[in-house]
Structure formats: structure tokens, C-alpha cells
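Asks: In the numbering used here, the protein residues as written are 222 to 589. Got a structure here, written out as C-alpha cells. Questions coming.
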């Protein structure tokens, strides 16, 4: 019996693997290795893009990796490819929601038709993006502001805080109350694939696949997220170690971007803000997804506080960062922004679900 043999006699229960296959774990390992390999391929082919010469950097709201002039045909191609990737992945997600309902509760270690479809789509469009970059270079950034790409990732991280509230709590393992209700968390769990696939696919096509370190680390991160979204309905998709790693892995990318922007574009030295902010989220929220002993949690928290002290202590024992940044509480800027946005999303979802209650009751009454 193959990995995808299934019962198709009952609606919503088709395509459920019956074997004890480990295919999902094999694909996960291969996917991670291919993500690294594809990132190295971008780097290896990068010098071929030197014939494209962007304009000099023009400030914090300027996106560097775009051509001086917009080409109509170029942007028609990139928008067509982006929309084809986006809507085909949304269609695949919708199919999975309609046909793999039992696997939301009991995920499989095998592979379903959804997994094969999502893997195939993402592999094809990842390759197409690399080809498109080497022929026309420009990504969506030529037409849309830089904050839209950054904002899509922020939205994803904030939604995760709402989704994971029932499991790990919101802060120090404590669950947030209203509007972070079970219905709200369930709403985002049922619909997060649409949101996350938009954030991922949009950001992926926003950037050209070029070899600067800022973009390379971002593409590696996006490749890993493509692996994650392709393995929905499997046990890998819900593995706590893997999901927390993905949630926290935005930190190294942000630090690399900040360091290189300072070195090559003269931007403010903000890597301490990014690293201390994302580490704060790990120490005070993400870590509580694991059942760690109290002494281990205290140890991790102590290491974080020691890192903060090192940042602001004078040299040679410390990094000697200006104390003005400490007084501004820069290490709280990122977590506070994400916590606030999570509260906003939870509040909006709570109101939406309350307003829908009369409609849902009428639908239920008409079916009994």
C-alpha cells in the first residue's frame, strides 16, 4: 500500500495515509538540505548578476536591489509569476482544508496529495524565480514599498503569538485572557495557512534572488518556511522543536541585515536591538513551548540578562554600546511591537467572531 492510499467514501476524510510511513521526516531532511543547497546556488551564480547595476542607496525607505528604470514587460513577468504562485498555493491549501479534515487532529508521518502538490508548486516557482532574476533581475520591490515586505513577516510572527497562546502562553508561560479566547486561537489556527503563505510568497517575490548576505540569509529562511508549509498535516509540521526554531530563526537574518546595512550603507548600528529583542521573545515566550525544568528556564533567562549587561558594559569587558539605547529600552521595541500587534489581531478576530454568532446560530438551526 502506498503512502497516499486512502478511504474516499466519506467527505472530508479522503487521502489519509494508512501506512506507518516516515516519508514526511525524510522529505523534511531533504527539504532542509535542498534549502541550504539552493541558497548556495544563489550565492554561486551571484556574480552573473553584476551586469545589473542598481542606483546608490538613498536612505532607510529605499530598497537597494532594484534597477534604475522600471521595465513594463519585466514587471508583467514578475507579477504574473508571483500571482500564479500565490493563487495556486492558496488553491492547494483550500483543497487540503476541504479534504484532509481528520489530519488536523491526527497528523500523519506519511505524505498526502496536499504535500505532493505543495512541494511540487514551491519547487517549480523557486526555480522560476532564480531564472527570472537572472534574466530580468527586478522583483516586486520595483512597484511596492519596502515596508510591505517587512510588514508581512511581522504579521506572521504576531499571528503566531495568538495561535500559540493556548499551548505556551503569551508571557512567562501564562495564557492571555480575552480577547485571546479559545475561539480566537482556533480561528487563526484554521486560517493561518492562507496568511502565512501570503507573507512567505509575497516576500519571496519581493526580492531578486541575488547573492548579498542580507538577501542570502533571507532566502534560506524563506526556503525553510516553504518546507514547513509544504508539510502541513504531517507530524513534522507540528513538531515543537522545529516550529520554535523557525519562529526564532528570523533573529540571525535580522542581525545579518543590520550588520551589513551598517557596514555598506551607513545605517545606524541596530544589530543589538534586533538580537536583544528577538532573544527577549524566545526567553519570555517561545521557550515556554517546551516543558523545561525551572532551573533550566532560570539559567536561560540569566544568560539573556548577562548578554544585555555585556552589550552596555564599557570595554574591554563589554561591547560598550551607548547607554542612551538602554535608557530607550531598545531591547523591548521588537517584543512590544509584536505583543501589541498580536493583541490587535486577537481583538479584531474576537469582535468578528462575536458579530458572526447570530449568523452561525441561524445556519446551525437550519441544519437540525
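No residue lacks a Cβ here, since even glycine has one placed at the ideal position from N, Cα and C.
(1) Thinking just about the alpha-carbon of each residue, which of 454, 275, 433 is nearest to the one in residue 285?
(2) Between residue 415 and residue 506, what straight-line distance do the alpha-carbon atoms span, to the nearest angstrom?
(3) Give me the residue from 329, 365, 264, 260 with the minimum Cα distance to residue 455.
(4) For residue 513, which of helix, strand or coil comes out of DSSP?
(5) I'd like the list of long-range same chain contacts for residue 232, defined as Cβ closer than 6 Å, with 5 residues on each side in sequence excluded.
(6) Which two residues bound the contiguous alpha helix (DSSP H) that contains residue 283?
(7) Whole angstroms is fine: what's the gap from residue 543's alpha carbon to residue 373's?
(8) Could you name the residues of the same chain whose beta carbon sits closer than 8 Å to that of residue 590, not counting the 5 residues immediately before and after it, in chain order?
(9) What whole-angstrom Cβ distance do residue 401 and residue 386 have, given they're in contact under 8 Å?
(10) Between 354, 515, 525, which has its C-alpha nearest residue 493's C-alpha?
(11) Over the uninterrupted alpha helix (DSSP H) stretch that includes residue 440, give me the two end residues.
(12) Helix, strand or coil: which one does DSSP assign to residue 588?
(13) Taking the alpha-carbon positions, what's the residue 496 to residue 578 distance?
(14) Can you list, in chain order, the stretches of the alpha helix (DSSP H) that have 4 or more residues and sit fully within the region 268 to 354?
(15) Buried or exposed: where does residue 348 fall if 16 or more other Cβ atoms within 10 Å of its Cβ makes it buried?
Replies: Checking against the coordinates, here is how it stands:
(1) 275
(2) 24 Å
(3) 329
(4) coil
(5) Any answer about residue 232 is weak, because its pLDDT of 42 lies below 50 and its placement is not dependable; what the coordinates show is given next. Cβ neighbours of residue 232 beyond the five flanking positions: none.
(6) Looking at the DSSP string, residue 283 is not in any alpha helix (DSSP H), and its letter there is neither H nor E.
(7) 31 Å
(8) Because residue 590 is not part of the residues shown, which for the chain are 222 to 589, the question remains open.
(9) 5 Å
(10) 525
(11) 434 to 451
(12) Bear in mind that the predicted position of residue 588 carries a pLDDT of just 47, short of 50, making it unreliable; the figure below should be weighed with that in mind. Coil, per DSSP.
(13) 42 Å
(14) 293 to 320, 323 to 326
(15) exposed
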